[in-house]
Amino acid sequence: MVIGLGRFGGSLARELAAHGSQVLAIDSRPALVQRYADELTHTAVADSTDETALRRLGVPDYRRAVVAIGSDLEAGILTTSLLADFAVPHIWAKATSRRHGRILERVGAHHVVLPEHDMGERVAHLVTGRMLDYIEFEDDYAMVKTLAPAEAVGVPLGRSRLRTHHGITVVAIKRPGQDFTYATADTVVEKGDIVIVAGRTTQVETFADLT
Ligand code: ADP
1 MVIGLGRFGG SLARELAAHG SQVLAIDSRP ALVQRYADEL THTAVADSTD ETALRRLGVP
61 DYRRAVVAIG SDLEAGILTT SLLADFAVPH IWAKATSRRH GRILERVGAH HVVLPEHDMG
121 ERVAHLVTGR MLDYIEFEDD YAMVKTLAPA EAVGVPLGRS RLRTHHGITV VAIKRPGQDF
181 TYATADTVVE KGDIVIVAGR TTQVETFADL T
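Numbering (UniProt numbering) for the sequence shown: 1 to 211.
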């Protein structure tokens, strides 16, 4: 179930439906709901702060819900707490700030996402270096997609010094025009290949800055 069909909730609901999930999408704006009616399994125009309306839609029976209401703090918080009252087992909520996220957790969200904040941080890493993509996990660990630097080229990965010198592991490799494939100790990276490497955040960033 996705509540709120703004930019975030709308693309989330679309992606879930595209991957075969049965999605109930709720928004208080009829025109918006109409726009998604053909693509999603179930859509409904309702005020998600109205407990009776949610019960009528069968919301208490859903196992997973995403509250994608960012700009109207009150509505997002009330909706999340209603879902918690219904004991929906997996409640995700979108927050616009860390403080907002803390409140959503207090009222019952099990997972809080901060899309604008996280994307801002990610783009900061991309614009300052040569990385083509960047994902940071917890505990200072990251994966980056980057053009293979000269040091990685021409030697089987098993014999290269990438792990000992740079602390990174080449996870996958892509030749121009081909698909990504996993890297093995025998893989020889060629000039022009794109690689995905994993390691400590500072180490993968340093590696991606090599030419
Ligand atoms: P985004 O930044 O992703 O576009 P918004 O916070 O602007 O997200 O969008 C939130 C959506 O949630 C809007 O489409 C709005 O109509 C909907 N919404 C807000 N309050 C309620 C509510 N009480 N019940 C149902 N939908 C709501």
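Note that beta-carbon positions come from the ideal geometry of N, C-alpha and C, so glycine has one too.
Bear in mind the structure is a predicted one, so any value in this text is a computation, not a measurement.
So, under 8 Å CB-CB, residue i and residue j are touching, yes? Tell me the CB distance rounded to an integer number of Å.
i: Val195; j: Val155; result: About 13 Å; that fails the 8 Å criterion.
i: Phe207; j: Ile168; result: 5 Å
i: Val23; j: Ala13; result: 5 Å
i: Ser174; j: Asp186; result: Inspection of the sequence shows that residue 174 is occupied by Lys rather than by Ser. With a Cβ gap of about 17 Å, Lys174 and Asp186 do not count as contacting.
i: Ala18; j: Leu40; result: Not quite, the Cβ-Cβ distance comes to about 10 Å (not below 8 Å), so this is no contact.
How far does the alpha helix (DSSP H) with residue i in it extend, from its first residue to its last?
i: Leu126; result: Pro115 to Thr128
i: Tyr36; result: Pro30 to Tyr36
i: Thr146; result: Where Thr146 is concerned, there is no enclosing alpha helix (DSSP H), although the beta strand (DSSP E) it sits in stretches over Tyr141 to Leu147.
i: Leu73; result: Leu73 to Asp85
Which value, in whole angstroms, describes the spacing of the CA atoms of residue i and residue j?
i: Gly177; j: Ala150; result: 20 Å
i: His20; j: His90; result: According to the sequence shown, residue 20 is Gly rather than His. Cα to Cα, the separation comes out at about 19 Å.
i: Ser81; j: Ala44; result: 20 Å
i: Asp38; j: Leu16; result: 14 Å
i: Ser48; j: Val153; result: 56 Å
i: Pro60; j: His42; result: 15 Å
i: Thr202; j: Gln34; result: 47 Å
i: Glu205; j: Glu121; result: 14 Å
i: Thr181; j: Leu132; result: 17 Å
i: Ala172; j: His125; result: 20 Å
i: residue 246; j: Met1; result: Residue 246 falls outside the range modelled here, since the chain spans only 1 to 211, and no answer is possible.
i: Leu210; j: Gly58; result: 55 Å
i: Asp50; j: Asp139; result: 40 Å
Could you give the residue range of the beta strand (DSSP E) that holds residue i?
i: Glu136; result: Asp133 to Phe137
i: Gly199; result: Ile194 to Arg200
i: Gln109; result: What sits at residue 109 in the sequence shown is Ala, not Gln. Taken as a continuous stretch (DSSP letters only), Ala109 belongs to no beta strand (DSSP E), as it is neither H nor E.
i: Arg64; result: Arg64 to Val67
i: Ile173; result: Thr169 to Lys174
i: residue 215; result: Residue 215 cannot be examined here, being either before or after the span of the chain that is shown, 1 to 211.
i: Leu24; result: Leu24 to Asp27
Count the CB pairs spanning the region 72 to 88 and the region 102 to 115 that are closer than 8 Å, and state whether there are at least three.
-> yes
Touch test, the region 90 to 98 against the region 108 to 128, Cβ-Cβ under 8 Å, three pairs minimum | yes
Per the contact definition of three or more C-beta pairs closer than 8 Å, is the region 192 to 209 in contact with the region 139 to 153?
-> yes
Would you check if the region 6 to 22 and the region 55 to 69 touch, i.e. whether three or more CB-CB distances between them fall below 8 Å?
-> yes
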